[in-house]
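Residue 156 in the numbering used here sits at position 156 of the sequence shown; the count goes up by one each step and never skips.
Report on the structure given below.
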Amino acid sequence: MNSLPPPSVTAAVVSAPAAASQPLLTASKTRHILIRLGYLPLTAETYLGRNGQVQRQYTWNFVPPRALLALSRRDSWQDPWNPLVLGALYQFEHEHGLPVEPGKVGLRDLPVSVEMALLAARKPDPLPWTWVLVTKFPRPERIHVFVAGKGWVLQSDCNTGVLHGTPDGTWPVYARDEHTSMVGSFPIPVPARQVRLYDAAKAAGFHVADIDFGRYHHHWVRYQPYDDPDIRWVNYFDRGRAVHFYPRAAYGFPQSAGCVELPRKAAQQAFAILHYGTPVTVAHSAPGPWNAPASAKGAAKPQGEKTIAALPSLHWTYRVVPQQSSPRSVHLALTPVALPAHAAALPDGTPRPAPQPQPDRVAAGSAGPGPAARAG
Numbered sequence: 001m002n003s004l005p006p007p008s009v010t011a012a013v014v015s016a017p018a019a020a021s022q023p024l025l026t027a028s029k030t031r032h033i034l035i036r037l038g039y040l041p042l043t044a045e046t047y048l049g050r051n052g053q054v055q056r057q058y059t060w061n062f063v064p065p066r067a068l069l070a071l072s073r074r075d076s077w078q079d080p081w082n083p084l085v086l087g088a089l090y091q092f093e094h095e096h097g098l099p100v101e102p103g104k105v106g107l108r109d110l111p112v113s114v115e116m117a118l119l120a121a122r123k124p125d126p127l128p129w130t131w132v133l134v135t136k137f138p139r140p141e142r143i144h145v146f147v148a149g150k151g152w153v154l155q156s157d158c159n160t161g162v163l164h165g166t167p168d169g170t171w172p173v174y175a176r177d178e179h180t181s182m183v184g185s186f187p188i189p190v191p192a193r194q195v196r197l198y199d200a201a202k203a204a205g206f207h208v209a210d211i212d213f214g215r216y217h218h219h220w221v222r223y224q225p226y227d228d229p230d231i232r233w234v235n236y237f238d239r240g241r242a243v244h245f246y247p248r249a250a251y252g253f254p255q256s257a258g259c260v261e262l263p264r265k266a267a268q269q270a271f272a273i274l275h276y277g278t279p280v281t282v283a284h285s286a287p288g289p290w291n292a293p294a295s296a297k298g299a300a301k302p303q304g305e306k307t308i309a310a311l312p313s314l315h316w317t318y319r320v321v322p323q324q325s326s327p328r329s330v331h332l333a334l335t336p337v338a339l340p341a342h343a344a345a346l347p348d349g350t351p352r353p354a355p356q357p358q359p360d361r362v363a364a365g366s367a368g369p370g371p372a373a374r375a376g
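So this is what it looks like as structure tokens:
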């Protein structure tokens, strides 16, 4: 039985103001510790801006591909939620046996245990910096794995989520499992007329089976439950979404419930290369050729680097084909979209290639996927 403290102590505790604990590290100090230890392979340069204030500029310690340059320019390094910096923090936490999680505001308000470990850390990152790029267009969908100092070490066809189930963005890997189970619901597209007829039948008192209809990314869908007990080589990056192996008859187009699915060999290789904190970027298209920038032509070419002279058109969209559509099936054709004048060039200034039509057709609202199309 617990005894109460003396009245004087109790009074002192009650009357004392609630003092908020001050963080030991700011986001800027945390970022520079991660840079110093090599978890974030950057060099910070300080200079005076036009207004006389001290400014910092960050440059990569290796020759970055164009796609990575475009990504790193999109988010400010001072942003506490910058996914590249959060990835470095996750890798540090994992290497030091700490829970892999951000602070209350990204790099800010970290747990005291993480702050103490950062202040006392002397061990550099034992693993090379790694980045994953998943491109949806041009077809087939592809995964590209980049390792600093080696270049593109792995490229393979992959599958993303149906009905835009894998959103574009960048997230660091926060959990990994060699094998795990996945349970959820797979969204199967259905025409709106089928939903209206079902609702009318139920309202009229007809006996109909319960069907789980719902809206998913502006589409009517029927949810089909799935329970896959053994998913191999799993790298979680965005909530329940992960890069993992799943057996399919073919790869290169949307089939999953949101995950990035790989063939067996590629998934096993990716699991051996990726680690905690690896940023995973999902992009509608590649922001440029995956080779070194023109300013670094004299630099040594990293081993495994592939130079791509030009990509097909980077902007495609689905359009309805009325002649082949019906109330029960909507047929979509992949067609190029005219680019505005300011987007006529790639980020490096080279002219954008002209669109090339591709015979890629998708039938949405027809028969649902088979048993092999139910994992996420």
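Glycine is no exception: its CB is placed at the ideal position from the N, C-alpha and C atoms.
By Cβ distance, which residues of its chain are closer than 7 Å to residue i, with the 5 residues on each side in sequence left out?
| i | result |
| --- | --- |
| GLY214 | VAL221, TYR223 |
| PRO229 | SER181 |
| HIS284 | LYS136, PHE137, ASP168 |
| GLN303 | Because the pLDDT of GLN303 is 38, which lies under 50, any placement of that residue in the model is unreliable, and the question is left without a value. |
| ILE35 | LEU42, ALA44 |
| GLY205 | none |
Closer than 6 Å by C-beta to residue i: which residues in its own chain qualify, once you throw out the five before and the five after it? Chain order, please.
| i | result |
| --- | --- |
| HIS219 | LEU163, PRO189 |
| MET116 | none |
| ILE33 | LEU118 |
| PRO124 | LEU37, GLY38 |
| LEU110 | GLY103 |
| HIS217 | LEU163, HIS164 |
| HIS96 | ALA117 |
| ALA354 | Here the model assigns ALA354 a pLDDT of 49, short of 50, so the residue's position is not dependable, and the following value carries that caveat. Nothing listed; no residue qualifies. |
With a threshold of 8 Å on Cβ separation, who are the neighbours of residue i within its own chain once the five nearest residues in sequence on each side are excluded?
| i | result |
| --- | --- |
| GLU178 | ARG232, TRP233, VAL234, PHE271 |
| GLN55 | THR46, TYR47, LEU48, GLY49 |
| LEU154 | ILE143, HIS144, VAL145, ALA266, GLN269, ALA270, ILE273 |
Could you give the C-beta distance for residue i and residue j, rounded to a whole number, given that I count them as a contact under 8 Å?
| i | j | result |
| --- | --- | --- |
| PHE237 | ARG264 | Contact doesn't hold; Cβ gap of about 20 Å is too wide. |
| THR59 | LEU84 | About 13 Å; that fails the 8 Å criterion. |
| ARG108 | ALA27 | 5 Å |
| PRO187 | ALA242 | Actually they do not touch by this definition, with Cβ atoms about 18 Å apart. |
| THR170 | LEU71 | 7 Å |
| ALA88 | LEU127 | In fact, because the Cβ distance is near 11 Å, the residues do not count as touching under 8 Å. |
| LYS250 | SER156 | Going by the sequence as given, residue 250 is Ala instead of Lys. Going by Cβ atoms, the distance from ALA250 to SER156 rounds to 13 Å, so no, they are not a contact pair. |
| GLY277 | VAL208 | With a Cβ gap of about 49 Å, GLY277 and VAL208 do not count as contacting. |
Going by C-alpha distance, which of the options is nearest residue i?
| i | options | result |
| --- | --- | --- |
| TYR47 | PRO138, ALA266, GLN57 | GLN57 |
| CYS383 | THR278, GLY252, LEU71 | Nothing about residue 383 can be reported from this structure: the residues present for the chain run from 1 to 376 only. |
| VAL100 | ARG176, TYR90, VAL132 | TYR90 |
| TRP152 | LEU107, GLN268, ILE273 | ILE273 |
| ARG139 | PRO254, PRO65, VAL280, ALA266 | PRO254 |
| LEU259 | HIS144, GLY161, VAL105 | Sequence check: residue 259 is Cys here, not Leu. Nearest C-alpha to CYS259: GLY161. |
| TRP129 | ALA120, ILE143, PHE92 | PHE92 |
| TRP81 | ARG31, ILE35, ARG196 | ARG31 |
| VAL282 | ILE143, ALA121, GLY52 | ILE143 |
| VAL114 | THR278, VAL208, PRO23 | PRO23 |
| TYR226 | ARG248, GLY184, ALA192 | GLY184 |
| LYS29 | GLN53, ASN51, GLY52, TRP77 | TRP77 |
| THR166 | HIS94, GLU141, ALA148, ALA175 | GLU141 |
| ASP212 | ALA204, ALA201, VAL195 | VAL195 |
Based on the DSSP secondary-structure assignment, which residues constitute the bridge partners of residue i?
| i | result |
| --- | --- |
| MET182 | ASP228 |
| THR43 | THR59 |
| THR130 | VAL147 |
| GLU261 | ASN159, HIS244 |
| SER285 | PHE137 |
| GLY49 | None, per the DSSP bridge assignment. |
| TYR216 | HIS219 |
| ALA175 | TYR236 |
| TRP152 | PHE146 |
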